[in-house]
Structure formats: C-alpha cells, structure tokens
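Reading through the structure tokens given below for one structure.
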Amino acid sequence: MKEQGASFCRTQLPRVSRTFALNIPLLPGPLDLSVTVAYLLCRIADTLEDEAAGAHPGALLDELGGLVSLEPGWEARARSFARRARLALRDEAPAAEAELVLETLLVLETLASLPSWVHPPIARCVRTMTGGMNQMQRMHGGSGQVMGLPDLQATFMYCYYVAGVVGEMLTGLFIASSPRVAWREKRLMSRAPAFGRALQLTNILKDVREDLDRGCCWLPRDRMAAHGLTPATLVLPSLRSRAVALMDELVAVARRELDVALEYSLALPAEEPGLRLFCLYPLFFAVATLNAIEGNPAVFDPEPVKMGREAVATLMRLTQERVSSDEALRALYAGCSRASRGGMEAWT
Ligand SMILES: CC(C)=CCC/C(C)=C/CC/C(C)=C/COP(=O)(O)OP(=O)(O)O
Numbered sequence: 001m002k003e004q005g006a007s008f009c010r011t012q013l014p015r016v017s018r019t020f021a022l023n024i025p026l027l028p029g030p031l032d033l034s035v036t037v038a039y040l041l042c043r044i045a046d047t048l049e050d051e052a053a054g055a056h057p058g059a060l061l062d063e064l065g066g067l068v069s070l071e072p073g074w075e076a077r078a079r080s081f082a083r084r085a086r087l088a089l090r091d092e093a094p095a096a097e098a099e100l101v102l103e104t105l106l107v108l109e110t111l112a113s114l115p116s117w118v119h120p121p122i123a124r125c126v127r128t129m130t131g132g133m134n135q136m137q138r139m140h141g142g143s144g145q146v147m148g149l150p151d152l153q154a155t156f157m158y159c160y161y162v163a164g165v166v167g168e169m170l171t172g173l174f175i176a177s178s179p180r181v182a183w184r185e186k187r188l189m190s191r192a193p194a195f196g197r198a199l200q201l202t203n204i205l206k207d208v209r210e211d212l213d214r215g216c217c218w219l220p221r222d223r224m225a226a227h228g229l230t231p232a233t234l235v236l237p238s239l240r241s242r243a244v245a246l247m248d249e250l251v252a253v254a255r256r257e258l259d260v261a262l263e264y265s266l267a268l269p270a271e272e273p274g275l276r277l278f279c280l281y282p283l284f285f286a287v288a289t290l291n292a293i294e295g296n297p298a299v300f301d302p303e304p305v306k307m308g309r310e311a312v313a314t315l316m317r318l319t320q321e322r323v324s325s326d327e328a329l330r331a332l333y334a335g336c337s338r339a340s341r342g343g344m345e346a347w348t
C-alpha cells in the first residue's frame, strides 16, 4: 500500500507539472518524496480553484485543509472528499488533474507514511493555502470569479496564499533535514515569501490571457486604471500599447522579487547542490519567462508565451555547471536578466 502510494505520486508528478518534475527529483531523500506529496496536495487545491464547475468550491477546500492533519477517521473522509471533489470539476478539467483529485486518498496515505517531522510544515502550508483561497474569494470574488484585485498589495496577498506559503514550507523542510541549512534559518525564512511571490507573479503575467478567457484576473485594478485599462479592456487590440506598458511595469516588480529569490538560493550551502538546483531551476525559468513577456504584445494572444524545450535544457545545464560558485551564479543571473526577449544566445 505504502509503495503503491509513493509510486502513484512519482508517476503523477510529471503528468501535472512541467517545472517541478524536473527539480524535485534532485532533492535528497526523503525530501524528494515529501515535496512531491506536498506539491500534489497543493495541486489538488489549485485544480479545485481553477476547474470547479459553478460556485467556488469553498467547502471542499476547507475539507482538504482539514484532511492534511490526518486526524482519526481521515481515510474514510478522504474517500468521500475525493468522490465529491472529482464530481465538482468541469468536463474540460485536464484528465491528469482530475485523476489526481480522485486519488487524494493515495496522496494522503503517502504523506502518512513519511517521517513525522515532515508533517507539520506540509499541513500548515495546505491549511493556509486553502483558507487563503477562500478568504480571497470572500473578499474579492463575491458570488462570481475574482476579476482583478484592488491593488498590488492584494495581488501580493494572493501570491502569499498560493506560493509564499510554499516557500515557507520548503524552508521548514530544508531546515529540518539538514543542520548545515538550519543555521541559515533567519536568512532563508525572511526571503522565502518573496521567492514564492516572484514565481507566482511571473505565472500570473504569463497566464493573463488564459485566466481572462476563464473569467478571472489577479492583476491590480489600480495599476490597470493608471494605464487607462480595466480587466474588460485589457485584451482589446486597440489598447495593446497600454496593456504592454502595464505588463512591463509588473515585470519590473517580479524581477525585484526574483533578486531576493537569488539571495535565498545562495544562502543555501554550496555543499547541498540538490537544494540549490531545486531553487535555481524555477528561478532561471522565471527570468527567461519574464524576458519573453517584456515588451511583447503576444502575451495577450490566445496562444500562451512559453519557454522552449531547448531554453529549459540550456538553463538546467548552465545552473548545474555553476551550482557551487556564488560568483558564477550571480554573473549568470545578471547576464540572463539583461538578455533581451528570446535572446539568451550569449549563454548558450
Ligand atoms: C523558497 C522557495 C523555493 C520558494 C518557491 C515556492 C514555490 C515553489 C512556489 C510555487 C509557485 C508556483 C507558481 C507553482 C506553479 O508552478 P508552475 O505552474 O510554474 O509550474 P508547473 O505548471 O510546471 O507545475
């Protein structure tokens, strides 16, 4: 049973995530399986938020937040949750995500099989995330979807609930797994929310069109208004130059957060290359994604702006080669951040 759960989690990860299937396997055991399980639990929450048919699935999110505490009777409650959560998804939900939701019990069984020290950070993360998703809905969605947030502070709050808490959870796990990391706790914990914020903000910018087509938007309305835009006019071809200026302003915000993410990554000891690379892959992918978004009107087209497979492979190689040198990593980061759209040729 234990093996079946772990094997399901490892098989399902690359079916639901492009990025995290590349970096989680670099973590030393038992962090690799722990972070896989944590990722899948967060993904179940994310699928409910993005793919539920009809009303916001607040009660199901609350149930998931409670299940991760693994209190007596959790198996029967997880079985019932999985059935109802699967039924709540719209027909268009990606098959791999729907299957993951249906197998919530297997994911929780795998969590239960892991050492007890990994439980508190993972449970806190999932509880805070699901509670935060519900709070954002109550505050900004009313009875419909969230169509823009009032200001950047609210966008940051959303980023905290869906990604900043993941940074705090990962830091808690890294610290508990290695005394070498533990003595850097303060430096890491203070930077962890910014790391999550940087990645989430990058995703919000990259997915702006896809989100709008689904009827939601996480961008700040006051910044839109400053450019003479609203969520309803953001994709109008006649207002494209204003929309690009808005995106460029927000790309600059995301880049400042990524600078903090680099400091986080370098605060991890060089003797832990797996932990460093786990952080550096998504960090450098985000730099490349921001380069592709900046000044690019195509970000408002239906076809998503994505990094190519070749750029992904190149960045993985470049970070691997430099993983133990802070100086070389700083130079790579500065070079990639300066590279223009589509152009990291100097590094490849
Ligand atoms: C300290 C530290 C490392 C902090 C980072 C915290 C972290 C990993 C947050 C998750 C952010 C995020 C946008 C996930 C979705 O991935 P995605 O949609 O970009 O990728 P995927 O679709 O390939 O899964």
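With UniProt numbering, letter number 174 in the sequence shown gets 174, and the count goes up by one each step, no holes. All C-beta atoms, glycine included, are put in the ideal place defined by N, C-alpha and C.
Could you check if residue i is buried or exposed, using at least 16 other CB atoms within 10 Å of its CB as the buried criterion?
i: Gln153; result: exposed
i: Ala226; result: exposed
i: Glu327; result: exposed
i: Trp74; result: buried
i: Pro28; result: exposed
i: Lys186; result: exposed
i: Tyr333; result: buried
i: Thr348; result: Reliability fails at Thr348, whose pLDDT of 49 lies under 50, so the model's placement of it is uncertain and no value is given.
i: Tyr281; result: buried
i: Ala182; result: exposed
i: Lys206; result: buried
i: Pro237; result: exposed
i: Gly167; result: buried
i: Ser265; result: buried
i: Gly148; result: buried
i: Glu310; result: exposed
i: Ser177; result: buried
i: Arg18; result: exposed
i: Arg191; result: buried
i: Ala252; result: exposed
i: Pro72; result: exposed
i: Arg221; result: buried
Could you spell out the range, first to last residue, of the beta strand (DSSP E) harbouring residue i?
i: Cys125; result: Note, Cys125: premise wrong, no beta strand (DSSP E); alpha helix (DSSP H) at 119-140.
i: Leu149; result: 147-149
i: Leu70; result: Element bounds for Leu70: n/a, residue is neither H nor E.
Provide the residue span of the alpha helix (DSSP H) that contains residue i, from first to last.
i: Trp74; result: 74-88
i: residue 367; result: The chain is shown only over 1 to 348; residue 367 falls outside these bounds and no answer can be derived.
i: Leu219; result: Leu219 -> not in any alpha helix (DSSP H); beta strand (DSSP E) instead, spanning 217-220.
i: Val101; result: 95-102
i: Pro193; result: 185-206
i: Glu249; result: 240-267
i: Tyr39; result: 31-51
i: Asn291; result: 273-293
Is the CB-CB distance between residue i and residue j below 8 Å?
i: Val146; j: Trp218; result: yes
i: Ala96; j: Gln12; result: yes
i: Leu277; j: Thr314; result: no
i: Met247; j: Ile293; result: yes
i: Gly274; j: Leu26; result: yes
i: Thr47; j: Val126; result: no
i: Leu290; j: Cys279; result: no
i: Lys2; j: Ser113; result: yes
i: Gly172; j: Thr130; result: no
i: Val235; j: Leu212; result: yes
i: residue 395; j: Ala45; result: Only positions 1 to 348 of the chain appear in the structure, and residue 395 is not among them; the question remains open.
i: Ala87; j: Arg77; result: Looking at the sequence provided, one finds Leu at residue 87 rather than Ala. Not a contact, by the Cβ cut-off of 8 Å.
What does a CB cutoff of less than 8 Å around residue i pick up in its chain, not counting 5 residues either side in sequence?
i: Cys9; result: Leu33, Thr36, Val37, Leu40, Leu106, Val107, Thr110
i: Arg90; result: Glu51, Ala52, Ala53
i: Tyr160; result: Gly132, Pro193, Gly196, Arg197
i: Arg223; result: Asp151, Leu152, Leu246, Glu249, Leu250
i: Leu188; result: Thr171, Phe174, Ile175, Val181, Tyr264, Ala267, Leu268
Taking 7 Å as the cut-off, does the CB of residue i come closer than this to any heavy atom belonging to ligand 1?
i: Gln200; result: yes
i: Arg18; result: yes
i: Leu170; result: yes
i: Pro121; result: no
i: Cys125; result: no
i: Pro282; result: yes
i: Cys9; result: no
i: Val166; result: yes
i: Cys216; result: no
i: residue 360; result: Outside the displayed range of the chain (1 to 348) lies residue 360, so it cannot be described from this structure.
i: Ala163; result: yes
i: Asn203; result: yes
i: Ala53; result: no
i: Ala95; result: no
i: Cys279; result: yes
i: Ala45; result: no
Go through its chain and collect everything with a Cβ distance to residue i's Cβ below 7 Å, but skip five positions before and after it.
i: Pro297; result: Arg240, Val244
i: Glu210; result: Pro304
i: Arg180; result: Pro269, Glu271, Glu272
Let me see if you follow: with CB-CB separation under 8 Å, is residue i close to chain D or not?
i: Pro57; result: Reference to chain D is not applicable here, since this structure consists of a single protein chain.
Output needed for residue i: all residues of its chain with C-beta closer than 6 Å, excluding positions within five of it in sequence on either side, in chain order.
i: Gln137; result: His56
i: Thr128; result: Val165
i: Ile175; result: Val181, Ala182, Glu185
So is the beta-carbon of residue i under 7 Å away from any non-hydrogen atom of ligand 3?
i: Tyr264; result: You won't find ligand 3 in this model; what it holds is ligand 1.
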